[in-house]
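If you read the protein sequences in the order shown, they are chains P and F. Quick note on our numbering: the first sequence kicks off at 5 and runs consecutively. Quick note on our numbering: the second sequence kicks off at 83 and runs consecutively. Before any comments, here is the structure.
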Amino acid sequence: ETGVTQSPTHLIKTRGQQVTLRCSSQSGHNTVSWYQQALGQGPQFIFQYYREEENGRGNFPPRFSGLQFPNYSSELNVNALELDDSALYLCASSRDVLYEQYFGPGTRLTVT
Amino acid sequence: AQTVTQSQPEMSVQEAETVTLSCTYDTSENNYYLFWYKQPPSRQMILVIRQEAYKQQNATENRFSVNFQKAAKSFSLKISDSQLGDTAMYFCAFMKAMNYGGSQGNLIFGKGTKLSVKP
Numbered sequence: 005e006t007g008v009t010q011s012p013t014h015l016i017k018t019r020g021q022q023v024t025l026r027c028s029s030q031s032g033h034n035t036v037s038w039y040q041q042a043l044g045q046g047p048q049f050i051f052q053y054y055r056e057e058e059n060g061r062g063n064f065p066p067r068f069s070g071l072q073f074p075n076y077s078s079e080l081n082v083n084a085l086e087l088d089d090s091a092l093y094l095c096a097s098s099r100d101v102l103y104e105q106y107f108g109p110g111t112r113l114t115v116t
Numbered sequence: 083a084q085t086v087t088q089s090q091p092e093m094s095v096q097e098a099e100t101v102t103l104s105c106t107y108d109t110s111e112n113n114y115y116l117f118w119y120k121q122p123p124s125r126q127m128i129l130v131i132r133q134e135a136y137k138q139q140n141a142t143e144n145r146f147s148v149n150f151q152k153a154a155k156s157f158s159l160k161i162s163d164s165q166l167g168d169t170a171m172y173f174c175a176f177m178k179a180m181n182y183g184g185s186q187g188n189l190i191f192g193k194g195t196k197l198s199v200k201p
């Protein structure tokens, strides 16, 4: 059984640019959640996708957007990057909305 | 709104000894789940243990056990026979359970406790 994978591993972008992060969910999982983890902090919930529909959103601006595809993989898009967007972005998948979430290795985004 | 507090930023323990990590949370919900996650330096978040609020029995997973005190809103993690591989950040997390009309399974994390296991 393949676990949750994320790409790329690391990314460096310039302020104002746009970025797309990708996540492949674990086999049999239909729910994907995205989290932002700033250095030295716990992860903060960005949004969740359940069967291709957004199923909740945390306190993040609209320039953070996402998609979930029919195979339940997902993308996180961030427009107009700001320095404070520098963080580890974690994707987690689960069998359903209220089941335990299994995390990918994360994408380290640096905005300069 | 729910909050999770981990009051111990750092802890250390000798190999083979027992250590307890503290977590308190604030919620007005009656049905919820609590989790402990481990994040080693390699950074992948790993689920350690899960507790359902409606269950009075404390969850255990091999060397890991919890002390769940619902009235006190406390959820501590005990690691027995500590091993060098237990060195990691440990995060306590809360998830609200199903409400009628829909649910959102987002995790609310504490700030973490950095555990160092010394040989």
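All C-beta atoms, glycine included, are put in the ideal place defined by N, C-alpha and C.
Nearest candidate by alpha-carbon position, reference residue i, set the options
i, options, result
"Thr169 of chain F", "F:Val86, F:Met93 and F:Thr87", "F:Met93"
"Tyr136 of chain F", "F:Thr102, F:Phe150 and F:Gln90", "F:Phe150"
"Glu57 of chain P", "P:Leu71, P:Pro66 and P:Gly46", "P:Leu71"
"Pro109 of chain P", "P:Val101, P:Tyr93 and P:Leu102", "P:Tyr93"
"Lys155 of chain F", "F:Val130, F:Val95 and F:Glu134", "F:Glu134"
"Asp89 of chain P", "P:Phe64, P:Ser31 and P:His33", "P:Phe64"
"Val226 of chain F", "F:Ala141, F:Thr102, F:Thr142 and F:Trp118", "Because chain F spans 83 through 201 in this model, residue 226 of chain F falls outside it and cannot be assessed."
"Gly44 of chain P", "F:Met171, F:Glu143 and F:Leu116", "F:Met171"
"Thr18 of chain P", "P:Phe68, P:Val82 and P:Tyr54", "P:Val82"
C-beta neighbour in chain F for residue i, strict 7 angstroms
i, result
"Gln52 of chain P", "yes"
"Phe49 of chain P", "yes"
"Leu102 of chain P", "yes"
Beta-carbon proximity of residue i to residue j, cut-off 7 angstroms
i, j, result
"Ser28 of chain P", "Ser77 of chain P", "yes"
"Lys193 of chain F", "Gln88 of chain F", "yes"
"Tyr39 of chain P", "Phe51 of chain P", "no"
"Phe191 of chain F", "Gly62 of chain P", "no"
"Thr114 of chain P", "Ile16 of chain P", "yes"
"Met177 of chain F", "Phe107 of chain P", "no"
"Ser147 of chain F", "Glu99 of chain F", "no"
"Val8 of chain P", "Gln41 of chain P", "no"
"Leu85 of chain P", "Gln10 of chain P", "no"
"Thr102 of chain F", "Ser158 of chain F", "yes"
"Ala175 of chain F", "Leu197 of chain F", "no"
"Leu166 of chain F", "Val130 of chain F", "no"
"Asn75 of chain P", "Arg55 of chain P", "no"
Beta bridge counterpart(s) of residue i as assigned by DSSP
i, result
"Gly70 of chain P", "P:Leu80"
"Leu103 of chain F", "F:Leu159"
"Glu92 of chain F", "F:Lys196"
"Lys120 of chain F", "F:Ile128 and F:Tyr172"
"Val115 of chain P", "P:Lys17"
"Glu134 of chain F", "F:Tyr115"
"Phe150 of chain F", "F:Phe157"
"Arg26 of chain P", "P:Ser11 and P:Glu79"
"Tyr2 of chain P", "A question about residue 2 of chain P goes unanswered here, because the residues of chain P that appear run from 5 up to 116."
Residue-chain proximity (residue i, chain P), Cβ-Cβ < 7 angstroms
i, result
"Phe150 of chain F", "no"
"Gln126 of chain F", "yes"
"Gly183 of chain F", "Interpretation of Gly183 of chain F is limited by its pLDDT of 44, a score under 50 that renders its predicted location unreliable; the figure taken from the coordinates is listed afterwards. By this cut-off, Gly183 of chain F is not an interface position."
"Asn144 of chain F", "no"
"Leu116 of chain F", "no"
"Leu129 of chain F", "yes"
"Gly192 of chain F", "yes"
"Tyr107 of chain F", "no"
"Phe157 of chain F", "no"
"Thr102 of chain F", "no"
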